[in-house]
Amino acid sequence: MIKKCLFPVAGYGTRFLPATKSMPKEMLPIVNKPLVQYGVEEALDAGLFEIAFVTGRGKRTINDHFDISYELEHQIAGTDKEQTLVGIRNVIDRAVFSTTRQREMKGLGHAILTGQTLIGDEPFGVILADDLCINEGGDGVMAQMVKIYKQVRCSIVAIEEVPKDQIHKFGVIAGEAVRDDLYRVTNMVEKPSAEEAPSNLAIIGRYILTPDIFDLIRQTPPGKNGEVQITDALMRQAKEGCVMAYKFKGRRFDCGSVDGFVEATNYCYEHFYKQGKL
Ligand code: G1P
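Oh and the sequence shown: position 191 is 171 in this note's numbering, straight run, nothing missing.
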């Protein structure tokens, strides 16, 4: 029912300079796998096989990663190194990739609108690869959200509780609980101060959006930091219809920050790499 997943991957990754001077931040590895591959695998596990990248200048290696590398594969064919490419080969075989470019960085809302040409008129997932989400032994976060979508048929944002001193980094919702882990959104604010925040429920980088969001983004003027915010467009959608917020199962690592990146690396090393699962 939902087939497509949009990956806004045009950002600069300035917090990782100089590593990200010529390399996309989404290609930084957590142990031996690039961040964006974790995101794409989460989309595939949710049944979203059409992967749409909104890229920018200097992001070509993301497309190369999801393509065959003839020379390398020829070199290691028949050796024990061949095994190391089985995972990515599997991803490439299962998915279809398309790409469009965002010429200017005008915010997440603008990035998503740029992807309209790849999405068309159907509901779709959005994954921000910086937010690495792991739910060991259970459904990934996007798969959990697809299940919810089948029940509610409207846009959904993933949320988690965050401490007050962190709330200014996120979009924050207020809502009416319809069950323990699901809220109907009544308010939404992008990166509020701790005093202004309507709750401690922060949006993390997983969305399911219905296609009417594109016109709503077009009607949304630049907001916080002069950028077109998806949070503001979603607030319009919540007023006109319905937006749900889902408290997902699993752990989220903020791999857009050095601390979160190191934490994710240690976690994946212990839980996956050492167990032979990476
Ligand atoms: C974006 C969104 C924000 C959300 C966050 C999750 O912000 O604008 O609402 O809480 O992703 O990671 P960014 O972190 O790109 O500034």
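Glycine is no exception: its CB is placed at the ideal position from the N, C-alpha and C atoms.
Beta-bridge partners of Gly155, as assigned by DSSP: Val165
Check each candidate in Ile114, Ala177, Thr80 and Ile92 and name the one with the smallest Cα separation from Asp192. Ile92
Check: Leu8 C-beta below 7 Å from any heavy atom of the ligand G1P: no
The ligand G1P and Gly236: does any heavy atom of the ligand fall closer than 7 Å to the residue's C-beta? yes
Measure the alpha-carbon distance for Ala244 versus Ile10 and round it to whole angstroms. 7 Å
Beta-carbon gap between Cys235 and Leu88 smaller than 8 Å: no
Below 6 Å CB to CB, which residues in the same chain sit around Phe228 once its five sequence neighbours on both sides are set aside? Val121, Gln124 and Ala138
Taking 7 Å as the line, does the beta carbon of Leu196 fall inside it for any heavy atom of the ligand G1P? no
Would Cys(-15) and Leu28 qualify as a contact pair, given that the criterion is a beta-carbon distance under 8 Å? yes
Expected contact under 8 Å - CB spacing of Asn167 and Ala157 to nearest Å: Contact flag wrong, Cβ pair sits at about 14 Å.
Residues that DSSP places opposite Asp234 in a beta bridge: Asp111
Cut-off 6 Å between Cβ atoms - residues of its own chain near Glu30, not counting five sequence neighbours on either side: Lys(-17), Lys(-16) and Val76
Exposure of Leu52, with buried meaning 16 or more beta-carbon neighbours within 10 Å: exposed
Since Val20 contacts Gly95 with CB under 8 Å, what's their CB separation in whole angstroms? Not really, about 15 Å apart at Cβ, beyond 8 Å.
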